[in-house]
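Here's the structure, in structure tokens; my notes come after.
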């Protein structure tokens, strides 16, 4: 059973546009929600993370929106650039655990 | 500060053999986790070690094992390799002082191909 559901599977965005990736979870024990970016042949790199005591966190062009009641969170990439083309994974971990449950990934392509 | 270092980066093994992968965490980090990444199953947690003790374990068969040394370096071993074990094996480190929601950093992985 997939603990974290991610959509869409793939996404094509024009340069300068907004990329939006959504994730949903069921386990209310989750209290840490990071996003990772992975380029081909590389390991996942931490992009941004949020805890459920805030509804939004912004770092540069990347923003996480968090809806605790709906058990959903999303990544927004503003002014998307071709260099942002990568696979993005949402993840979650819970109180009393240091392991991450990952979504299935979204392959983002930003076309010039 | 050096990142998470994994060796070897690429290896090919024959079905039935065993393999050992190595990981050096970020300096000062005491928690090391291992993940398996495949196209079909995605990223799945194998196990986590903290201060030489296994603290958490995922849903993998006993053929998958690991250990952590006093300097926090870790190894994972897969015995009796099967074709389905072909994957990218990722090591991740975190400070680990609290057992919850630590920032986790990944290495570049070891690509294992079983033939």
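Residue numbers (the numbering used here), protein chains in the order written: chain B, 1 to 112; chain A, 1001 to 1115. Note that the Cβ used here is the ideal one computed from N, Cα and C, for glycine as well.
Using a C-beta to C-beta distance shorter than 7 Å, which residues of chain A count as neighbours of residue i?
| i | result |
| --- | --- |
| residue 42 of chain B | 1108 |
| residue 102 of chain B | 1042, 1043 |
| residue 89 of chain B | 1043 |
| residue 105 of chain B | 1042 |
Enumerate in chain order the residues of its own chain whose CB-to-CB distance from residue i is below 6 Å, with the five nearest sequence positions on each side excluded.
| i | result |
| --- | --- |
| residue 21 of chain B | 75, 88, 106 |
Could you work out which residues of chain A lie near residue i, taking near to mean beta carbons separated by less than 8 Å?
| i | result |
| --- | --- |
| residue 49 of chain B | 1103 |
Leaving out the 5 sequence neighbours to the left and right, which residues in its chain are closer than 7 Å to residue i when beta-carbon positions are compared?
| i | result |
| --- | --- |
| residue 46 of chain B | 34, 36 |
| residue 1082 of chain A | 1015, 1114 |
Which of the three DSSP states, helix, strand or coil, is assigned to residue i?
| i | result |
| --- | --- |
| residue 94 of chain B | strand |
| residue 1066 of chain A | strand |
| residue 83 of chain B | helix |
| residue 108 of chain B | strand |
Can you tell me the Cα-Cα spacing of residue i and residue j, whole angstroms?
| i | j | result |
| --- | --- | --- |
| residue 98 of chain B | residue 1067 of chain A | 17 Å |
| residue 48 of chain B | residue 1021 of chain A | 28 Å |
| residue 28 of chain B | residue 54 of chain B | 15 Å |
| residue 1045 of chain A | residue 111 of chain B | 33 Å |
| residue 39 of chain B | residue 1051 of chain A | 31 Å |
| residue 1040 of chain A | residue 1086 of chain A | 11 Å |
| residue 1062 of chain A | residue 66 of chain B | 37 Å |
So with CB distances below 9 Å, who are the chain A contacts of residue i?
| i | result |
| --- | --- |
| residue 46 of chain B | 1103, 1104, 1105, 1106 |
Grab me the residues of residue i's own chain with a C-beta within less than 8 Å of its C-beta, minus the 5 sequence neighbours each way, in chain order.
| i | result |
| --- | --- |
| residue 1049 of chain A | 1031, 1032, 1033, 1055, 1066, 1067, 1068, 1074 |
| residue 1095 of chain A | 1028, 1029, 1030, 1031, 1102, 1103 |
| residue 14 of chain B | 80, 110, 111 |
| residue 82 of chain B | 15, 110, 111, 112 |
Could you work out which residues of chain B lie near residue i, taking near to mean beta carbons separated by less than 8 Å?
| i | result |
| --- | --- |
| residue 1090 of chain A | 43, 44 |
Quick one, which of the options has its alpha-carbon nearest residue i's?
| i | options | result |
| --- | --- | --- |
| residue 58 of chain B | B:1, B:77, B:15, B:69 | B:77 |
| residue 69 of chain B | B:62, B:30, B:14 | B:30 |
| residue 1003 of chain A | A:1040, A:1105, A:1080 | A:1105 |
| residue 1010 of chain A | B:41, B:13, B:52 | B:41 |
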